[in-house]
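Enquirer: These protein sequence lines map, in sequence, to chains A and B. My numbering puts the first residue of the first sequence at 1, with every later residue one more than the last. My numbering puts the first residue of the second sequence at 1, with every later residue one more than the last. Where is the CB? At the ideal position from N, CA and C, for every residue including glycine. To start, I am sharing the structure in question, which I have written as structure tokens.
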Amino acid sequence: MNSKSYSLFLKDFKSELRTRYAINALAMFIIVAISVILFSVGQEKISKNLSGGLFWVVIFFTAMSGLSRAFVSEEERGTALTLQLIAAPSTVFSGKLIFNIILVFAMNTVIAILYSAMFEAFIIKNFLLFLVSFVLGNIGLAVSSTIIAAIIAKAGAKGTLYPVLSFPILLPLILTSVQLTLFAIDGTSFERAKFELAIVVSYDVIMLTASYMLFDFIWKE
Amino acid sequence: MTNYSVEAVGLNKSFGRRLIFNDLQFKFDKAGVYGISGPNGSGKSTLVRIIAGIIGASKGKIIHKLNDKEILEEQLHNHIGFVSPYLVLYEEFSAFENFKLFAEIRGVKFNQERVDYLLNKFLLFKRKDDLLKTYSSGMKQRVKFIFALMHSPQLLILDEPTSNLDDEGKGSVYELVKEEGQNSIVLIASNEKHDLENCSDIVYLGKYKN
């Protein structure tokens, strides 16, 4: 990642502030998803396991509602060609990835704060483990969402294709992150969570490497 | 004079079973104005996209050289200027913001003097701080020319350069083509007779269908 990628990220950031392509969709989805869970649970006490699982369900679907915008908005507005004319594929992917990483971290921090304020069962006993799994999970989510967005941006039924394609790719990450969140709620030590942490780190590294290798072919028609 | 050359070697492009052109060969290695012509659907826009490195060829290749050294694909965008009706710039930014962003993303120093000169030349200097979405289609077309020229490219590709332009605008484009053709390679893809009048050599795509 270099200054060109950072400039592309800044372009996307300024553009997002002016057009509100992704922020509005993400904000609305977070509020609606948490409210629906809150209303459907009602007075019932939800278990720790369920609260950890629901936390990642909200994260997954919120990501599906807004993270594809990085590439879809360029295709829809017809500006993808302009990007192809001013930057190398690796610059484009890095720029979009920085944007999505920051968006994922902002979005998931808001979800985590709202979620812990609304649900009594969501009490983290090993905060450091939660933080590490949260960071690794967010990186994996951002990388996968970015490359899938690049793939579906040129397709017809983008809205349907994005979650359909994302589900099998994100499943190992989501399942492992749910398990790590449950460990953090239970207060399990790092030592016992080593295997799950290794899976998430491997997932992030594999997805990042594969994405950089594949992006050239995806970007060039 | 330019030390840039662009060469097509056995170029073939098909979309599925539909052949667009086959065994296309040409080489432009001197500064000047060159044309690409052919009937509708003959692949003019496809060819210029392949030359600009936006899409790949099915067979064969395009070789870009500077000082007899082949240019790496990742560096190609810094040597090419491209104008076409399907090129869209960022409408949520002003023309000036667009140019500044493009220079930063290209990783080159923003040459304000050159941009101001081009803005004046295309009669857009007074509107440079207005958002692009407030521009007329003719003004947007002129902004695309500045986008293509701001980094002083060695190869200027113009796909249907006079679409959306009035007579005055067309006149400015022909004048610009002559001017740029003295120091760099200008490639015009068009069906308009007037657009191709200044071309010293024309590749007719109708001949490459077999």
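1. Is it buried or exposed for VAL205 (chain A), if we count other Cβ within 10 angstroms and need 16 for buried?
2. Can you pull the chain A residues whose beta carbon is under 7 Å from the beta carbon of GLU179 (chain B), in chain order?
3. Straight-line CA distance for ASN111 (chain B) to MET150 (chain B)?
4. What in chain B is Cβ-close to ARG69 (chain A), meaning under 7 Å?
5. Of all the beta strand (DSSP E) runs that stay within the bounds of the stretch 98-154 of chain B, which reach a length of 3 or more residues?
6. Residues in the stretch 42-69 of chain B with C-beta within 9 Å of chain D's C-beta atoms, listed in sequence order?
7. Step through the CB atoms of chain B and report whether any lies within less than 8 Å of the CB of THR146 (chain A).
8. Based on the DSSP secondary-structure assignment, which residues constitute the bridge partners of GLU70 (chain B)?
9. With distances taken between CB atoms, is the gap from LEU165 (chain B) to LEU187 (chain B) smaller than 8 Å?
10. Ignore the nearest five residues each way along the sequence and tell me which others in PHE122 (chain B)'s own chain have a CB closer than 8 Å to its CB.
11. Identify, in the order they occur along the chain, each residue of the same chain with its Cβ nearer than 6 Å to the Cβ of ALA155 (chain A), setting aside the five sequence neighbours on each side.
12. Looking only at DSSP bridge pairs, what is ASP201 (chain B) linked to?
13. Consider the Cβ of SER94 (chain A): report whether some Cβ of chain B lies at a distance smaller than 8 Å.
14. State the start and end residues of the unbroken alpha helix (DSSP H) segment that holds ASN22 (chain B).
15. Using a Cβ cut-off of 8 Å (strictly closer), state whether GLY223 (chain A) contacts chain B.
16. Which two residues bound the contiguous alpha helix (DSSP H) that contains TYR174 (chain B)?
17. With respect to the alpha helix (DSSP H) encompassing ASN49 (chain A), which residues constitute its N-terminal and C-terminal limits?
18. Under 8 Å between the Cβ atoms of SER200 (chain B) and GLY32 (chain B)?
Expert: According to the structure shown:
1. Burial is judged here by how many other beta carbons sit within 10 angstroms of a residue's own beta carbon; VAL205 (chain A) has fewer than 16 and is exposed.
2. Within chain A, no residue comes near GLU179 (chain B); the closest Cβ sits about 22 Å away, beyond 7 Å.
3. Each residue's Cα considered, the two are about 8 Å apart.
4. None at all; the shortest Cβ gap to chain B is about 14 Å.
5. Complete beta strand (DSSP E) runs here, min 3: none at all.
6. Of the protein chains in this structure, namely A and B, none is chain D.
7. For THR146 (chain A), the answer is no, since every Cβ of chain B falls outside 8 Å of its Cβ.
8. Answer is B:LYS65, bridged to GLU70 (chain B).
9. Against a cut-off of 8 Å, the Cβ pair of LEU187 (chain B) and LEU165 (chain B) comes out as no contact.
10. ARG142, VAL143, PHE145, ILE146 and SER172.
11. Cβ within range, chain order: LEU161.
12. BP columns for ASP201 (chain B) point to B:TYR34.
13. Taking a beta-carbon distance threshold of 8 Å, SER94 (chain A) does not count as an interface residue toward chain B.
14. Following the DSSP letters along the chain, one finds ASN22 (chain B) in no alpha helix (DSSP H) but inside the beta strand (DSSP E) bounded by residues 18-28.
15. As shown, chain A starts at 1 and ends at 221. That puts residue 223 (chain A) outside it, with no answer to give.
16. For TYR174 (chain B), the uninterrupted alpha helix (DSSP H) run begins and ends at 167-181, by DSSP.
17. Going by DSSP, ASN49 (chain A) is part of the alpha helix (DSSP H) stretching over 48-66.
18. Here SER200 (chain B) is near GLY32 (chain B), since their CB atoms are less than 8 Å apart.
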